[in-house]
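S.K.:
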Amino acid sequence: MTPISSLQSLSLLYPDSGALHVGTPYHMIVMVALSARTRDEQILKLAPKFFETFPTVHVLAAASIAEITDRINTIGMYKQKAKHLSAMAQMIVKDFDGEVPRSMNDLVRLPGVGRKTASVILVSAFGVPAIAVDTHVHRVVNRLGWVKEKTVEATERALLRLLPESMYAIVNRVFVPFGRTICIATPRCWTCPLVNECAFAKKNLVPPSNYEMIMQKIQSMRDGIRTLKTALEQSLR
Ligand code: SF4
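The following block contains the structure:
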């Protein structure tokens, strides 16, 4: 199978949109900015209350750091993230008329927004083709042998050359959950649908004795994210 056909078949196994693909560009950029080194479930749990308190970018821009901190203090690096959110909201109001910008160059000007966050926003909020490469995507595509790169940035450039533009949006959607549950640090090759075409030399092919429990946990994680996304969607209506 080619990378394109592998990605197509994986996309059928991972049909859900990204965990934080909920609401408007404002909602998405806040959640993606908060999600650095934090599980999506934690962000989805705090999001309804956060957006009830700060329903628009203007309200967020006018809030104090202490008010923002108070709403996100259940996650890591919350003090730094509160400062970034405040500065980001103020810049969106001041420099972009209160609208989340739609270009990579403008997005990466925002405090706390790097290329990965910007790519996620371009794809999920605006449907602009981009590949958001995080550590999961980087690890998986290098193990598969699709690219041979040492850094996240080089992997992004290589994937942009390798794949057709029409497939860019699928990469992050598929490989983030895949990299969190199957192709983890000690990979679960014993249940991997790409095992026969993967170039990784140290495949872990023997299922552990508790493999049924692991598979149930993976399924309940996916179900949990769906439930939290639905609850957030309803709270934003
Ligand atoms: S076979 Fe193993 S290393 Fe290769 S993609 Fe699957 S889980 Fe990852």
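To convert a position in the sequence shown, counted from 1, into the working numbering, add 1375.
For each residue, glycine too, the CB sits at the ideal point set by N, CA and C.
Every value quoted in this text rests on a predicted model; they were computed, and no experiment measured them.
So what does DSSP say about M1466, is it helix, strand or coil?
M.R.: Here residue 1466 corresponds to residue number 91 of the sequence shown, with the count starting at 1. M1466 falls in the helix class under three-state DSSP.
S.K.: Taking the alpha carbon of I1557 as the reference point, which residue from A1529, I1589, A1533, V1527 has its own alpha carbon closest?
M.R.: Numbered from 1 along the sequence shown, position 182 holds the residue referred to as residue 1557. Out of A1529, I1589, A1533, V1527, I1589 has the C-alpha closest to the C-alpha of I1557.
S.K.: Mark Y1453 as exposed unless 16 or more other C-beta atoms lie within 10 angstroms of its C-beta, in which case mark it buried.
M.R.: To locate residue 1453, count along the sequence shown from 1; it is residue 78. Per the 10 Å Cβ criterion, buried.
S.K.: Which term fits S1380, buried or exposed, when burial requires 16 or more other beta carbons within 10 angstroms of its beta carbon?
M.R.: Within the sequence shown, numbered from 1, the residue matching residue 1380 stands at position 5. Answer is exposed; the Cβ neighbour count stays below 16.
S.K.: Please report how far the alpha carbon of G1599 lies from the alpha carbon of R1414, in whole angstroms.
M.R.: In the sequence shown, residue 1599 corresponds to position 224, counting from 1. In the sequence shown, residue 1414 corresponds to position 39, counting from 1. Roughly 12 angstroms separates the two Cα atoms.
S.K.: So, I1450 versus L1421, is the Cβ gap smaller than 8 angstroms?
M.R.: On the sequence shown, residue 1450 is found 75 positions in, with the first residue counted as 1. On the sequence shown, residue 1421 is found 46 positions in, with the first residue counted as 1. Contact: yes.
S.K.: Pull every residue with its beta-carbon under 6 angstroms away from any heavy atom of the ligand SF4, and keep them in chain order.
M.R.: In chain order, the hits are V1515, R1518, L1519, I1557, C1558, P1562, R1563, C1564, C1567, L1569, V1570, C1573, F1575, K1578.
S.K.: For the alpha helix (DSSP H) containing V1549, list its first residue and its last residue.
M.R.: Indexing the sequence shown from 1 puts residue 1549 at position 174. Where V1549 is concerned, the enclosing alpha helix (DSSP H) stretches over 1543 to 1556.
S.K.: Compare the C-alpha of H1459 against each of L1435, G1473, E1474 and name the closest.
M.R.: Counted from its first residue, the sequence shown places residue 1459 at position 84. Comparing Cα positions, the closest option is L1435.
S.K.: So, helix, strand or coil for H1396, using DSSP?
M.R.: Here residue 1396 corresponds to residue number 21 of the sequence shown, with the count starting at 1. The answer is coil: DSSP assigns H1396 none of H, G, I, E or B.
S.K.: Mapping the DSSP letters down to three states, classify M1406 as helix, strand or coil.
M.R.: Residue mapping note: residue 1406 aligns to position 31 of the sequence shown, counting from 1. The answer is helix: DSSP assigns M1406 an H, G or I state.
S.K.: Can you round the beta-carbon distance between K1456 and A1408 to whole angstroms, since I take them to be within the 8 angstroms contact cut?
M.R.: Working through the sequence shown from its first residue, we reach residue 1456 at position 81. Working through the sequence shown from its first residue, we reach residue 1408 at position 33. Right, their Cβ atoms sit about 7 angstroms apart.
S.K.: State the CB to CB distance for the pair F1575 and P1562, rounded to an integer number of angstroms; the pair is presumed to be in contact (CB under 8 angstroms).
M.R.: In the sequence shown, residue 1575 corresponds to position 200, counting from 1. In the sequence shown, residue 1562 corresponds to position 187, counting from 1. Their Cβ separation, rounded to whole angstroms, is 7 angstroms, which keeps F1575 and P1562 in contact under 8 angstroms.
S.K.: Round the Cβ separation of V1475 and Y1543 to the nearest angstrom and send it over; I've been treating them as touching at under 8 angstroms.
M.R.: For the purposes of this step, residue 1475 is taken as the residue at position 100 of the sequence shown. For the purposes of this step, residue 1543 is taken as the residue at position 168 of the sequence shown. Between Y1543 and V1475 the Cβ distance is about 19 angstroms, and since that is not below 8 angstroms, they are no contact.
S.K.: Specify the secondary structure class of L1382 as computed by DSSP and reduced to three states.
M.R.: If you number the sequence shown from 1, residue 1382 lands on position 7. Three-state DSSP puts L1382 in a helix.
S.K.: How about I1506 and E1531: do their beta carbons lie closer than 8 angstroms?
M.R.: Position 131 of the sequence shown, counted from the first residue, corresponds to residue 1506. Position 156 of the sequence shown, counted from the first residue, corresponds to residue 1531. Against a cut-off of 8 angstroms, the Cβ pair of E1531 and I1506 comes out as a contact.
S.K.: Pop quiz: L1538 and P1430 are said to be a contact at Cβ under 8 angstroms. What is the actual Cβ separation, rounded to whole angstroms?
M.R.: Locating residue 1538 in the sequence shown gives position 163, where the first residue counts as 1. Locating residue 1430 in the sequence shown gives position 55, where the first residue counts as 1. Rounded, the Cβ-Cβ distance is 37 angstroms, inconsistent with contact.
S.K.: If you drop the 5 nearest sequence neighbours on each side, which residues of the same chain put their C-beta closer than 7 angstroms to that of W1521?
M.R.: To locate residue 1521, count along the sequence shown from 1; it is residue 146. The answer, listed in chain order, is P1378, L1537.
S.K.: For the alpha helix (DSSP H) that contains T1530, what are its first and last residues?
M.R.: Along the sequence shown, read from residue 1 onward, the residue named residue 1530 stands at position 155. Here the alpha helix (DSSP H) through T1530 covers 1527 to 1537.
S.K.: Could you tell me which whole alpha helix (DSSP H) segments of length 4 or greater appear in the region 1437 to 1506?
M.R.: DSSP runs (the alpha helix (DSSP H)) wholly in the region 1437 to 1506: 1440 to 1447, 1453 to 1470, 1479 to 1482, 1490 to 1501.
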